[in-house]
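This report concerns only the one structure given below.
Number of protein chains: 2
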Amino acid sequence: MGRKRTKSGKIRLAEVAELAGVSPITASRFFRNPEALSVAKRTRVESAAKELGYVPNLAARALASQRTEVIGVLIPSLTNNVFSDVLRGIYDASEGSRYSIQLSNTRYSILQEEKLLRLFLAQKPAGLIVTGIDQTTESRAMLEAADCPIVQIMEIGPDPVDMMIGFSHYDAARAAVAHLFEQGRRKIGFVGARMDPRVQRRLDGYVSAMKDAALFEQRLVVTTATPTSVTLGGALFTDLLAREPNLDAVFCANDDLALGVLFECRRREIAVPEQIAIVGFNDLEFMASAVPTLTSVRTNRYEMGKTAATMLIEAIDGRRPEQPVLDLGFRVIERQSSSPRHSDSRPTVSGVGTANKMVALPSSHD
Amino acid sequence: MGRKRTKSGKIRLAEVAELAGVSPITASRFFRNPEALSVAKRTRVESAAKELGYVPNLAARALASQRTEVIGVLIPSLTNNVFSDVLRGIYDASEGSRYSIQLSNTRYSILQEEKLLRLFLAQKPAGLIVTGIDQTTESRAMLEAADCPIVQIMEIGPDPVDMMIGFSHYDAARAAVAHLFEQGRRKIGFVGARMDPRVQRRLDGYVSAMKDAALFEQRLVVTTATPTSVTLGGALFTDLLAREPNLDAVFCANDDLALGVLFECRRREIAVPEQIAIVGFNDLEFMASAVPTLTSVRTNRYEMGKTAATMLIEAIDGRRPEQPVLDLGFRVIERQSSSPRHSDSRPTVSGVGTANKMVALPSSHD
DNA sequence: AGGAACGTTGACAGCGCTACCAGCAACGAC
DNA sequence: GTCGTTGCTGGTAGCGCTGTCAACGTTCCT
């Protein structure tokens with residue numbers, strides 16, 4: 009209510025202070041630490057600000073206070089569904105806080121990341137969210153020298169720069185392969201695209217699980233540096249099939265590839281899961297809807313983004329979390345595409361708890 | 009080369025100027041308008057800045073110059089593939105320019121949009137990109153009063169605030185229905201979710217095309233305000249089928265719904281396209297890979313974002329485009345899912361030019 | 001040769017806000 | 001009753017940069 013066009017000159021803090029009958033500095037305090045004011049002045053400033061439609065000048069604030077209220081976010085891709093979920097979480101968490109998000113796209117290049125990091129750091133951000141744990145030495149040094157809280161997201165690993173939230177892609181891949189073993193599969197192929205560090209670790213997990221079972225063969229692995237797509241899934245699967253016609257399962261590094269494999273099976277009239285089982289990664293929405301429904305490894309992407317931003321904001325405000333490293337775990341969602349061979353074809357959308365784990369961390373109470 | 013930790017005090021413009029042996033103001037000019045300097049001073053300042061690793065303080069610059077180098081972007085959703093493509097275009101175009109992107113998510117709420125707009129405008133952005141043409145009256149007024157260039161994206165309509173880039177969702181839907189008519193389909197259902205203004209206009213286009221052919225029936229339309237998903241596509245289609253068992257085609261308001269319909273057909277053993285044809289909207293990557301391949305209306309999302317940001321930056325720099333309103337058109341990509349009934353089942357991935365159109369605009373040369 | 005015009009440079013002031021410190025009143029402890 | 005102590009408020013002095021305008025040297029024109 010009471011909105012008015014403020015055409016006659018701009019509304020500065022001084023105007024608010026004047027209307028409220030206090031000094032500018034008191035008005036300033038109202039916006040930064042309202043509790044420090046007496047109740048009388050607080051309400052006076054509040055209503056004055058509202059009446060004038062005052063909006064603080066962020067540039068002046070940043071200049072005077074020598075810090076910004078910007079959270080820098082570096083992610084590898086804007087189009088990948090995985091990151092858009094994470095981003096949504098980050099934006100949701102930042103909303104309502106006084107921090108704004110500055111987003112940049114590294115395009116899966118750690119050199120680009122380094123460049124952007126330098127840019128970001130120069131603006132003295134309040135906090136930083138970076139993707140993954142594979143920064144350049146230079147980036148790592150900059151991050152460690154930065155005097156703001158930092159969260160690394162998407163995966164967990166040894167020696168975090170500061171805070172860290174994610175899960176083990178390696179363990180998740182092992183769990184997926186273990187699930188296929190349980191279903192009696194032996195000739196399990198791996199299909200991967202882009203091969204960024206996280207996909208690489210999924211591959212590592214697959215390889216180790218297969219080796220543990222003495223089932224590993226190099227020709228079961230088909231990968232490419234090409235960006236992922238559904239179509240690519242079909243192509244890689246075709247390649248895989250040519251190398252190993254007796255394949256009985258495919259573990260796909262992501263769900264798009266899995267969908268592509270499913271379509272390719274349909275095109276070739278390969279029965280899923282009777283002939284070949286399919287397991288994806290990420291558990292995008294469509295996996296539960298496909299025919300047959302597709303098994304996948306569920307990851308908590310939205311929660312990851314939201315928690316990362318929340319932790320970061322808490323840390324900026326001086327309340328460091330008691331657990332600086334958070335493993336959000338994963339979960340193999342078993343569906344028809346990896347049912348036993350003589351499946352009755354009924355959905356089996358039951359999450360198993362086995363793979364849902366939390367890594368033990370220092371100082372874990374609560 | 010020559011990177012060094014600048015630990016001893018911060019590098020300000022004054023330091024650069026001192027090292028270069030010029031006044032601070034000259035150094036300042038170097039960064040804003042290098043041509044105004046003599047070659048000698050220019051090189052001196054340049055090397056001084058490089059040697060000291062000078063990075064301008066944006067807050068101080070914004071405060072002193074009373075303007076920022078921020079482009080505000082308001083989009084309805086972060087997770088929708090459509091917008092992530094647009095966003096990628098925007099970010100790509102902004103890269104290399106001196107402008108940075110400030111992104112906010114309206115969540116399909118025009119009230120939220122109004123709120124964010126107010127916030128953005130208060131920071132005096134260099135330019136603004138907003139989604140669609142359905143702002144609140146208040147938002148519209150703010151946009152018109154804003155003293156920065158503005159681009160409306162995603163669709164075109166009458167009286168733009170400033171610049172506009174998109175296409176006619178109405179025409180695109182009509183073209184999709186016309187294509188189905190050409191294939192001999194008559195009982196064509198419409199499936200839509202979320203029902204934001206653009207989806208609504210697709211529905212309008214569908215309705216008008218059906219009415220033109222005297223084939224419209226209300227029960228052929230199934231919509232919901234629920235956010236879209238593949239699973240929802242199946243559910244809405246189930247609903248539609250219950251209302252009209254003799255359906256021979258479905259026009260889906262987006263590709264996710266179309267994929268859901270395809271899966272549901274498979275579940276019900278409905279032959280596509282023999283029994284029912286499917287047409288989607290947006291032409292996401294997976295459409296070409298599905299079995300059968302899925303017909304869709306291709307839209308130029310990445311280009312839209314990229315062009316919007318490019319136009320905006322040009323306008324900010326004082327070079328207004330000769331064409332303030334740009335129709336990027338669309339194209340019906342015909343695939344198997346809408347082949348004639350007695351299809352030989354071979355792919356027909358041929359784009360037709362018929363639906364690809366450009367609206368006539370004032371002062372169109374070049 | 002004198003003056004205008006241009007290109008280049010610098011001095012000054014101030015953008016709107018906050019850090020810092022000082023001041024004042026009210027209160028309790030001794 | 002005096003002396004901290006606390007809670008609240010205000011004054012002063014910039015934060016680092018740029019807009020404006022004036023001044024300078026040089027060139028070109030008449």
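In the order they appear, the protein sequences are chains W and L. Residue numbers for the first sequence follow the working numbering, so the first one is 9 and each next one is one higher. Residue numbers for the second sequence follow the working numbering, so the first one is 9 and each next one is one higher. For glycine and all other residues, C-beta sits at the position ideal for the given N, C-alpha and C.
Asked	Found
Under the three-state DSSP convention, the category R39 (chain W) falls into	A quick correction: the sequence has Phe, not Arg, at residue 39 (chain W). In this structure, F39 (chain W) counts as helix in the three-state DSSP scheme.
Check whether R209 (chain L) and P235 (chain L) have beta carbons under 7 Å apart	no
Collapsed DSSP secondary structure at T87 (chain L) in the structure displayed	coil
Separation of A153 (chain W) from L27 (chain L), as counted between CA atoms	26 Å
Supposed close pair C268 (chain L), L240 (chain L) - CB separation, criterion 8 Å	Note that residue 268 (chain L) is Gly in the sequence shown, not Cys. Right, the Cβ-Cβ distance comes to about 6 Å (below 8 Å), so this counts as a contact.
7 Å Cβ cutoff met for T139 (chain L) and S92 (chain W)	no
Span of the beta strand (DSSP E), counted from its first residue to its last, around A285 (chain L)	285 to 290
Beta strand (DSSP E) segment containing D335 (chain L), residue limits	333 to 335
Inter-residue spacing [alpha-carbon to alpha-carbon] between V229 (chain W) and V199 (chain W)	6 Å
Cut-off 7 Å between Cβ atoms - residues of its own chain near V90 (chain L), not counting five sequence neighbours on either side	N290, R309
Supposed close pair S147 (chain L), N113 (chain L) - CB separation, criterion 8 Å	Between N113 (chain L) and S147 (chain L) the Cβ distance is about 16 Å, and since that is not below 8 Å, they are no contact.
Backbone secondary structure at C156 (chain L) - three-state DSSP	coil
Inter-stretch contact at 8 Å, needing at least 3 Cβ pairs: the region 342 to 349 of chain L / the region 301 to 316 of chain L	yes
Residues near R20 (chain W) by beta carbon distance below 7 Å, same chain, minus five either side	none
Contact between the region 206 to 220 of chain L and the region 168 to 180 of chain L (3+ Cβ pairs under 8 Å)	yes
Any chain L beta carbon closer than 7 Å to T87 (chain W)	yes
Close beta carbons around E23 (chain L), own chain, < 7 Å, minus the five adjacent residues each side	L60
Proximal chain W residues relative to S108 (chain L), where beta-carbon distance stays under 8 Å	Q110
Buried or exposed (CB count within 10 angstroms, at least 16 for buried), D167 (chain L)	exposed
Which of helix, strand or coil DSSP assigns to E277 (chain W)	coil
Per-residue burial, Q110 (chain L) [other beta carbons within 10 Å of its own, 16 or more giving buried]	buried
Proximity of G242 (chain W) and G97 (chain W) at Cβ, strictly below 7 Å	no
Chain-ordered residues of the region 279 to 300 of chain W with a beta carbon less than 8 Å from chain L	E293, F294, A296, S297, A298, V299
Any C-beta of chain W under 7 Å from that of V199 (chain L)	no
Bounding residues of the alpha helix (DSSP H) (the contiguous stretch that carries F189 (chain L))	177 to 190
R306 (chain L): first and last residue of the uninterrupted alpha helix (DSSP H) it sits in	R306 (chain L) -> not in any alpha helix (DSSP H); beta strand (DSSP E) instead, spanning 303 to 307.
Alpha carbon of G174 (chain W) to alpha carbon of F294 (chain L), nearest angstrom	28 Å
DSSP beta-bridge partners of T239 (chain W)	Answer by DSSP bridge pairing: none, since T239 (chain W) is not bridged.
Residues near M171 (chain W) in its chain [Cβ-Cβ closer than 6 Å; skip 5 each side]	V159, M319, P332
Check whether I324 (chain W) and P205 (chain W) have beta carbons under 7 Å apart	no
Pick from L:V340, L:D335, L:V63, L:A317 that is closest to S105 (chain L), judged by C-alpha positions	L:A317
C-beta neighbour in chain L for R20 (chain W), strict 7 Å	no
When L:L265, L:E121, L:T307 are compared against R339 (chain L), the one with the closest alpha-carbon	L:T307
Where I19 (chain W) falls: helix, strand or coil (DSSP)	coil
CB contact check: Y99 (chain W) to chain L, cutoff 7 Å	yes
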